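These notes are about the structure you will find just below.
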Amino acid sequence: MTPLERVQQQFANGIIETHAFRGDETVLIRPACLRSVANFLKDSPELDFNFLMDLTAVDYLFFAGGRVQKEHRFELVVHFYSSTHNHRLRLKVPVDEKNPEVDTLSDIWSSANWYEREVWDMFGIKFKGHPNLKRILMYEEFQGHALRKDYPFDKRQPLIGPAN
Amino acid sequence: MTQTRNMLLNVGPSHPAMHGVIRMILELDGEKIKDVDIEMGYLHRAFEKMCETVMYAQCFPYTDRLNYVSPLINNVGFAMTVEKLLGIEVPTRAQYIRVLMSEISRVTDHLTCVGASAMELGAMSVFLYMIKAREYLWELVEEITGARLTISYVRIGGVKADLTPTFDENAFDKIAEVRKVLIEADELLTRNRIFFDRMKNTGKLTAQQAIDYGVTGPFLRCTGVNYDVRKANPYLVYDKLDFEVPVGSTGDNLDRYFVRMAEMEQSLRIIEQCLAQIPDGPVVAELTGEVMTAADMVDHAKMGETEALVEDEVLLDPTLQGSTKKYYEGISADKKSVVLPAKENTYGNIEGLMNHFKLVMYGHGIKPPVGEVYTAVEGANGELGFYIVSDGRDNPWRVRVHPPCFPIMAVLPICLKGDLMADLVPTFGSVNMIAGELDR
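Right under this line is the structure:
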């Protein structure tokens, strides 16, 4: 049984959609069951996802030139890896534009701590229960969140000198 | 009653022991490190944002600048991710060339890391020897790619140029030289009392902590966990090559040094095997005509004298060297919607010219299907992952790099706590922090 099938079996109601494009098993789940799915991924011996490899987000504002309208603006994307079973899984959670907040995973995998800070820094998504949610790549005075699609790539914010 | 307080000490952002720019705020009790706060982002250049604004092929120069001590591995990782998105296969010879180049880069990366950390402990001569060895390898890289650092050598669907006829010979000579340097460095460091004592039992990390923080690469393997992407999920031709993954046991700085030294030897073995196994360079087109410059060929083509041009070879400047018809098509995927045509076709006939422009003009370019993929390759510091989301247009919707340094920097405070202030130098040296990929 692949990790994807196992998750589908366990959380039939919590899953919005799944796909395995080019062999990457992906599951999109409801935000409410993020932590229960995460705990299951880590604790169940047949999955045993001991590595949280990567955690990031994607902004789907005006996706494909505005032709595709997504219900939620952001998606949180987490890549898991299990070194005992050598399998991978991608977990995605939709995040609302009005209230961009999801539960933290930093108490389950410590690696999530810094990744979540980066997602907060770049996308402005808050993590409920994060111990130290502050910017990591940009400075505290930085206005806005740079990887959002409505942040112009050539916008300048000089720290020193006259304001633009 | 005397009151004692912990002292706050600021190290960096510009400090000789901080490779690149990073700031650490240490809380010291006497000389003991109580707490560490790491502040990064000084080299943030918006890699991910800029990739969203350009076409897929234009991302390569940006990837060169992620890990600038082993840029070829970044190139390979990005190209493989886009190829997975497109669902195309790369010719075997190109796969061997990619492995060859990745392993040369891995050795240069480890040489820099070990050499620089030895220098910081006072072993200046080891640093110079190792940089000398790195120079030999960069000469090899230069021979093939035409550049030393910002190489942009790998292409989606293949590589830019084939190996030169003299490459085998040169590579064997250079490998022999590098081996000599490794033996020399080993003699100078491994039984060196000062080096040994400062590396032993400092910067310790357990396997459990390393896994919890998602650490990969030599930093994970020194704790005894045998995880290497090349073995766990073999990509390119790694499954046809015989090599071992060195694993440590104690998770201290000394083990990290041993793992890196052993890994360099394994990489050299891989390079030798690649050179022995690589299929012969396919001569795709026997060109019997004359050799002319690009400008002459374009002039002939404009005048309609295209019949003789089929047999002619074009003389290119060094940056494009190797993109001629003779070998180029044998090392690129046979897919016109992805791979640029050989330069004779671009300059000499209208179909090639159109194909070229269809790939380089804004709004045309390479258009992968809508979807998302993640590919991991073994970078010199650990798992280097690329996650790309495509919306079916010619520029990526989202490019995410999983930089191997990032989790290592997150776990660094754990390694440092309880050690002396002076142990910061070897521990931080063994991280091999590359600010380019950490801050992106």
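Residue numbers (this note's numbering), protein chains in the order written: chain A, 134 to 297; chain B, 993 to 1432.
Think of the CB as a built atom: it goes at the ideal place given N, C-alpha and C, for glycine as much as any other residue.
Everything numeric in this text was worked out from a predicted model, so none of it was measured.
Neighbourhood of residue 1247/B by C-beta, 6 Å cutoff - its chain only, sequence neighbours within 5 removed: 1214 and 1240
For chain A, check one thing: does any of its Cβ atoms lie closer than 7 Å to the Cβ of residue 1041/B? yes
Counting only Cβ pairs nearer than 8 Å, list the residues of chain A close to residue 1217/B. 216
Exposed or buried, which one is residue 286/A when buried takes at least 16 other CB atoms within 10 Å? exposed
Using a Cβ-Cβ cut-off of 7 Å, state whether residue 153/A counts as contacting chain B. no
Taking C-alpha atoms, which residue in 1350/B, 1090/B, 1417/B and 1018/B lies nearest to residue 1137/B? 1090/B
Answer yes or no: do residue 1000/B and residue 1019/B have a C-beta to C-beta separation smaller than 7 Å? yes
Thinking C-alpha only, which one of 1015/B, 1344/B, 1017/B and 1365/B is nearest residue 1077/B? 1365/B
Check residue 190/A in the structure and name its three-state DSSP category. strand
Over the uninterrupted beta strand (DSSP E) stretch that includes residue 1338/B, give me the two end residues. That residue, residue 1338/B, is in no beta strand (DSSP E); its alpha helix (DSSP H) goes 1335–1340.
For residue 1367/B, which beta-bridge partners are listed by DSSP? 1378/B
For the structure I just gave you, are there three or more beta carbon pairs, one from the stretch 1225–1236 of chain B and one from the stretch 1254–1267 of chain B, closer than 8 Å? yes
Does DSSP classify residue 223/A as helix, strand or coil? strand
Below 7 Å on C-beta distance, what does residue 1073/B contact in chain A? Within chain A, no residue comes near residue 1073/B; the closest Cβ sits about 10 Å away, beyond 7 Å.
Ignore the nearest five residues each way along the sequence and tell me which others in residue 1129/B's own chain have a CB closer than 7 Å to its CB. 1096, 1099, 1100, 1166 and 1170
Is the CB-CB distance between residue 1396/B and residue 1206/B below 7 Å? no
Classification of residue 1113/B by the beta-carbon crowding that lies within 10 angstroms, buried from 16 upward: buried
I'd like the list of long-range same chain contacts for residue 138/A, defined as Cβ closer than 8 Å, with 5 residues on each side in sequence excluded. none
Terminal residues of the alpha helix (DSSP H) in which residue 1072/B lies: 1063–1078
Alpha carbon to alpha carbon, what distance is there between residue 1416/B and residue 1003/B? 10 Å
Answer with buried or exposed for residue 1152/B, where buried requires no fewer than 16 other C-beta atoms within 10 angstroms of its C-beta. buried
Alpha carbon to alpha carbon, how far is residue 1288/B from residue 1295/B? Give it in angstroms, no decimals. 11 Å
Whose C-beta lies closer than 7 Å to the C-beta of residue 196/A among residues of the same chain, with five residues either side of it excluded? 203
Just verifying my parser: in three-state terms, what is the DSSP assignment at residue 994/B? coil
Based on Cα-Cα distance, which residue from 1427/B, 1418/B and 1392/B lies nearest to residue 1434/B? No answer is possible for residue 1434/B: it lies beyond the span of chain B, which begins at 993 and ends at 1432.
Considering residue 215/A, what are the terminal residues of the beta strand (DSSP E) in which it resides? 207–215
Please report the Cβ distance between residue 1071/B and residue 1147/B, rounded to the nearest whole angstrom; I am assuming they are in contact, meaning their Cβ atoms lie under 8 Å. 7 Å
Nearest-angstrom Cα distance between residue 1377/B and residue 158/A? 16 Å
Residues of chain A with CB closer than 7 Å to the CB of residue 1076/B, please, in chain order. 155
Where are the alpha helix (DSSP H) runs, 4 residues long or more, that stay fully inside the stretch 1221–1296 of chain B, in chain order? 1221–1224, 1245–1269 and 1286–1294
Which partner residues does residue 151/A have in the DSSP bridge list? 160/A
Quick one: is residue 278/A near chain B, going by C-beta distance under 7 Å? no
Indicate the three-state DSSP secondary structure (helix, strand or coil) for residue 138/A in the structure shown. helix
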